[in-house]
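Working notes, structure below.
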Amino acid sequence: MECKEILNILSDYVDGELPEARCLEIQEHMKACSRCREFVESFQESLEIAHNLEKKSPPENVCESVLRAFLESCRQK
Ligand SMILES: [Zn+2]
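This is how it looks when you write it as structure tokens:
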């Protein structure tokens, strides 16, 4: 699995909506890829912060800005 694929399914992953096999693929990737590991951690943190602030699902633009930052870091490889 590539970093880009993680990106595509990450929001489902943090929502717990992915099938177990896909979750395992993400977890395997994160073992090998420290950047994705750190990214998923910060993604989950920002979702939690947004949840606490909004008391509901985070606004779409929060997810987008975090994902865009991740894409930027992929490009700087
Ligand atoms: Zn990665």
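Going by the working numbering, the first residue of the sequence shown is number 2, and it counts up by one from there. Yeah, the Cβ is synthetic: ideal placement off N, Cα and C, and Gly gets one too. Note that the structure is a prediction, hence the values are computed from the model and not measured.
For residue i, the three-state DSSP class (helix, strand or coil)
| i | result |
| --- | --- |
| Asp13 | helix |
| Met2 | coil |
| Glu18 | coil |
| Cys75 | helix |
| Cys37 | helix |
Assumed close pair residue i, residue j - CB separation to whole angstroms, cut-off 8 Å
| i | j | result |
| --- | --- | --- |
| Cys37 | Ile10 | Wrong, their Cβ atoms sit about 12 Å apart, outside the cutoff. |
| Ser35 | Val67 | About 17 Å; that fails the 8 Å criterion. |
| Tyr14 | Cys24 | 6 Å |
Assigned exposure category for residue i - 16 Cβ within 10 Å defines buried
| i | result |
| --- | --- |
| Ile27 | buried |
Residue-chain proximity (residue i, chain D), Cβ-Cβ < 7 Å
| i | result |
| --- | --- |
| Cys34 | This model lacks chain D altogether; it includes just one protein chain. |
Other residues of its chain near residue i: CB distance less than 7 Å, five sequence neighbours each side excluded
| i | result |
| --- | --- |
| His30 | Met2, Ile7, Cys37 |
| Val41 | Leu11, Met31 |
Contact set for residue i: own chain, Cβ-Cβ below 8 Å, skip 5 residues either direction
| i | result |
| --- | --- |
| Glu49 | none |
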